[in-house]
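Colleague: Numbering (our numbering), first residue to last: 65 to 401. Glycine residues also receive a C-beta, built at the ideal position from the N, C-alpha and C atoms. Remember, predicted model here, so these are calculated numbers, not experimental data. Have a look at this one before I ask anything.
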């Protein structure tokens, strides 16, 4: 956490000039209701040097692969741009920003939010995909529809070069504790939307307990353990994430594949991702009725057979088009080599 420290951090007494103060000389929180922490002052060059050395230490001494940086957009972007080359001088690193330049973060309103931080221009490889996360919540609540995903993807393509990408999820540590579990928020769409977050362009994140079917809010400030004796969703997430890891059509960044939307009836979201003749077809049904793709093209070669990733069934293209996508369900197909 580069943005702030606890109120009992030794730096407060050792280096008070490294902190932000109000007109009365009092320490201030980075956001009004974050009363347990206080904001650092990145106009101070000594603080910057200290932080860059702290970041470098763990790369140099512990050989870590990079950082997940909390509320990265609240720290000046030019600091991150300065820190990244210092880390790269030690070894190549991967940098994840807990921030989304397409959506307000850190408890800020749209008016307070700085959408021009450009974290992914030089300093970071990936950031949180909060806008898609909350869009999926709104679809489940009936406040948006599946077609709005296309608007989101267009905004992402417009803002970012192909070399960068966002991390997508249906839950995380903040969401689980404050907004509710994926079952609370998404209901029957929790698994179908997990399919989308894994297979749309980007990188999926699996939050602690999701494979165990965790269906309660974890205490945010206290120790709260997860029961791992049963793993009802382990097979689901294993198949989904192994496909993501292994299939060339699901790569990100400069190795990204061709993404094409399928023409689908209302309530069904479909797309194809293809790379060098190998493709993955994804169909997600957000309605309470089974749906098919009558007369629509799947945008894959009719000479290629298909394999249903979840059922393990081999299908012809005609069979795949005729198969129902279950209510609140999904179908993921890959071409057979």
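1) Helix, strand or coil: how does DSSP classify residue 90 here?
2) Go to residue 202, then tell me how far its alpha helix (DSSP H) extends in each direction, as first and last residue.
3) Where residue 177 and residue 136 are concerned, what is the direct C-alpha to C-alpha distance, given to the nearest angstrom?
4) Between which two residues does the beta strand (DSSP E) harbouring residue 337 extend?
5) Where does residue 311 sit, in a helix, a strand or coil, going by DSSP?
6) When you compare each of 252, 382 and 206 to residue 363 by their alpha carbons, which one comes out closest?
7) Taking the alpha carbon of residue 407 as the point to measure from, which residue in 373, 256 and 343 has its own alpha carbon closest?
8) Taking the alpha-carbon positions, what's the residue 67 to residue 95 distance?
9) Using only CA atoms, which one of 89, 78, 92 and 100 lies nearest to residue 110?
10) Mind reading off the beta-carbon distance from residue 396 to residue 374? Whole number of angstroms is fine, and I expect it under 8 Å.
11) Shortest alpha-carbon distance to residue 278 belongs to which of 260, 265 and 292?
12) Let me know if residue 220 comes out buried or exposed under the rule of 16 or more other beta-carbons within 10 Å of its beta-carbon.
13) Give me the Cβ distance between residue 251 and residue 204, rounded to the nearest whole Å; I'm assuming they're in contact under 8 Å.
14) Check this for me: beta carbons of residue 113 and residue 84, under 8 Å apart or not?
15) By DSSP, does residue 343 sit in helix, in strand, or in coil?
16) Alpha helix (DSSP H) containing residue 372: first to last residue?
17) In chain order, what residues of the same chain lie with their CB nearer than 7 Å to the CB of residue 151, ignoring the 5 residues before and after it?
18) Spatial neighbours of residue 175 within its chain, please: C-beta separation below 6 Å, excluding the five flanking residues on both sides.
19) Buried or exposed for residue 240, please, with buried defined as at least 16 other CB atoms from any protein chain shown within 10 angstroms of its CB.
20) Could you tell me whether the Cβ atoms of residue 213 and residue 333 are closer together than 8 Å?
Modeller: Short version:
1) By 1-based counting over the chain shown, the position of residue 90 is 26. Residue state, collapsed to three classes: coil.
2) As a first step, residue 202 is located in the chain shown; it is residue number 138 there, counting from the start. Per DSSP, residue 202 is one residue of the alpha helix (DSSP H) stretching across 194-205.
3) On the chain shown, residue 177 is found 113 positions in, with the first residue counted as 1. On the chain shown, residue 136 is found 72 positions in, with the first residue counted as 1. For residue 177, the predicted structure reports a pLDDT of 45, less than 50, and the residue's modelled location is therefore unreliable. The matter cannot be settled from this model.
4) Sequence index remark: in the chain shown, residue 337 carries index 273 (1-based). Looking at the DSSP string, the run of the beta strand (DSSP E) that includes residue 337 is 332-339.
5) If you number the chain shown from 1, residue 311 lands on position 247. In the structure shown, residue 311 sits in coil (DSSP, three-state: anything other than H, G, I, E or B).
6) Here residue 363 corresponds to residue number 299 of the chain shown, with the count starting at 1. For the residues 252, 382 and 206, the minimum Cα distance to residue 363 belongs to 382.
7) Outside the shown range of the chain, which is 65 to 401, sits residue 407, and nothing can be said about it.
8) Within the chain shown, numbered from 1, the residue matching residue 67 stands at position 3. Within the chain shown, numbered from 1, the residue matching residue 95 stands at position 31. Using only the alpha carbons, I get a separation of about 11 Å.
9) Position 46 of the chain shown, counted from the first residue, corresponds to residue 110. For the residues 89, 78, 92 and 100, the minimum Cα distance to residue 110 belongs to 78.
10) For the purposes of this step, residue 396 is identified with residue 332 of the chain shown, where counting begins at 1. For the purposes of this step, residue 374 is identified with residue 310 of the chain shown, where counting begins at 1. Contact flag correct, Cβ pair sits at about 6 Å.
11) Position 214 of the chain shown, counted from the start, is the residue given in the question as residue 278. Looking only at 260, 265 and 292, the smallest Cα-Cα distance to residue 278 is reached by 292.
12) Along the chain shown, read from residue 1 onward, the residue named residue 220 stands at position 156. A buried status is given to residue 220, since no fewer than 16 other beta-carbon atoms sit within 10 Å of its beta-carbon.
13) Against the chain shown, residue 251 aligns to sequence position 187. Against the chain shown, residue 204 aligns to sequence position 140. Right, their Cβ atoms sit about 6 Å apart.
14) The residue you call residue 113 lines up with position 49 of the chain shown. The residue you call residue 84 lines up with position 20 of the chain shown. The Cβ atoms of residue 113 and residue 84 lie no closer than 8 Å to each other.
15) Taking the first residue of the chain shown as position 1, residue 343 is located at position 279. When secondary structure is reduced to three states using DSSP, residue 343 falls in the strand class.
16) Here residue 372 corresponds to residue number 308 of the chain shown, with the count starting at 1. Per DSSP, residue 372 belongs to no alpha helix (DSSP H); it is in the beta strand (DSSP E), 370-372.
17) Sequence index remark: in the chain shown, residue 151 carries index 87 (1-based). Taken in chain order, the residues that qualify are 119, 120, 123 and 157.
18) What you label residue 175 is simply residue 111 of the chain shown in a count that begins at 1. Bear in mind that a pLDDT of 45 at residue 175, under 50, signals an unreliable position, so the number given afterwards is only what the model happens to contain. If we look at residue 175 and ignore the five residues flanking it on each side, it has no Cβ neighbours.
19) Counting from 1 along the chain shown, the entry for residue 240 is found at position 176. With 16 or more Cβ atoms within 10 Å of its Cβ, residue 240 is classed as buried.
20) Taking the first residue of the chain shown as position 1, residue 213 is located at position 149. Taking the first residue of the chain shown as position 1, residue 333 is located at position 269. By the CB criterion at 8 Å, residue 213 and residue 333 fall inside the cutoff.
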